[in-house]
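Under our numbering, read the sequence shown as residues 58 to 339, first letter to last. By construction, the Cβ of each residue, glycine as well, lies at the ideal position given by its N, Cα and C atoms. Remember, predicted model here, so these are calculated numbers, not experimental data.
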Amino acid sequence: MSIPLLEITPTTQNQRVAGYEVPDEDDPRMYRMIDVTSDTDVNELIWAAYRQIFSEHLILETYRQPFLESQLRNRAITVRDFVRGLGKSEVYRELVGETNSNYRLVDITFKRFLGRATYGKDEQISWSIVIATRGLNGFIDAIVDGEEYRQNFGDDVVPYQRRRFNERPFNLVNPRYGAYWRDRQTLQSISGRSYYQVRRTQNMPKQEAARRAIPNTFFAMAGSLLPNERNYQRTIASVTSQVKNLEIPDMTRGENSLQRAVKPTEVALPYRYIPSANPKVD
């Protein structure tokens, strides 16, 4: 018996009401199967689905799903089934499913499959239970087969961002994985240890793991700049005790202090000027 979806109280009604935006060139383009008239149109629809679901600026050859593409070109499956297949692919599992927590996986998947962000933490918790009980494939089926997906995209429309905030697409403001996964990958690339730990152990086989992540020239530069260890607690305690015991000399002038007087000094000049009593007048 599967656990029913928890009741959610939306914190916003933005995605549930019609917008009042004036159509312009920034509006997302709608790709529909009924508008396809040539192979070029089919290719554009397929690449639009790749960009929306994988949310990569560059679609690598290894990301493509030839079997799903062939079925869509031959009209053996609908656009909705093609989107479902992309969500269940190993590419989506490796890029998104394995690099995020269940809460973040729910938010990213809603943005890519339903074209909206989640309604707060309650909705993330509710759908994370679906991931825990049904797995990633069951989670994708629950979204694609849901009423919200059918009402907005049906069987022939590629999902798109329904309402944009400040005209910014989701894929430009949401990285594929969070800071936790990035820091974890960084630690794994250097065998889970910092550079200073690798340098102090002097274990050459383990240093090779760090050298793959850090250039060799960096070790020589960092080794010359590595300072000696200092006990900061002992240094602070020593400075504090010196300041407390420091005696400041009394520089104030008291009443009985000696005052130095400046005395005149006679200076012998080489000649003495004596004015004449009867000055001569021409």
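For residue j and residue i, believed in contact at Cβ under 8 Å, the rounded distance
i: residue 109; j: residue 150; result: With 8 Å as the limit, residue 109 and residue 150 do not qualify as a contact, their Cβ atoms being about 17 Å apart.
i: residue 184; j: residue 163; result: 4 Å
i: residue 345; j: residue 231; result: Within the shown structure, residues of the chain are numbered from 58 to 339, placing residue 345 beyond reach of any answer.
i: residue 233; j: residue 175; result: Residue 233 to residue 175, Cβ: 17 Å. No contact.
i: residue 142; j: residue 125; result: 4 Å
Beta-carbon proximity check, residue i vs residue j, cutoff 9 Å
i: residue 122; j: residue 146; result: yes
i: residue 171; j: residue 120; result: no
i: residue 235; j: residue 173; result: no
i: residue 106; j: residue 136; result: yes
Residues sharing a beta bridge with residue i, DSSP
i: residue 89; result: 214
Proximity winner among the options, relative to residue i (alpha-carbon distances)
i: residue 214; options: 87, 100, 124, 62; result: 87
i: residue 212; options: 233, 183, 185, 140; result: 140
i: residue 198; options: 180, 167, 100; result: 167
i: residue 84; options: 296, 241, 220, 290; result: 220
i: residue 116; options: 127, 103, 128, 124; result: 103
i: residue 129; options: 90, 94, 144; result: 90
i: residue 96; options: 132, 112, 192, 297; result: 132
i: residue 201; options: 138, 217, 218, 241; result: 138
Same chain only: Cβ atoms within 7 Å of residue i, ignoring 5 sequence neighbours per side
i: residue 261; result: Residue confidence is low: residue 261 scores 48 on pLDDT, short of 50, so the model does not pin down where it sits. Its coordinate-derived value is still stated next. Closer than 7 Å at Cβ, skipping near neighbours: no residue.
i: residue 65; result: 176, 179, 180, 183
i: residue 134; result: 128
i: residue 217; result: 85, 87, 109, 172
Cut-off 8 Å between Cβ atoms - residues of its own chain near residue i, not counting five sequence neighbours on either side
i: residue 101; result: 88
i: residue 239; result: none
i: residue 63; result: 179, 182, 183, 186
Beta-carbon contacts of residue i that lie in its chain and below 6 Å, excluding the five residues immediately before and after
i: residue 187; result: 196, 199
i: residue 304; result: none
i: residue 99; result: 93, 130
i: residue 194; result: 145
i: residue 237; result: none
The ligand ZN heavy atom lying under 8 Å from the CB of residue i
i: residue 151; result: The ligand ZN is absent from the structure shown, which contains no ligands of any kind.
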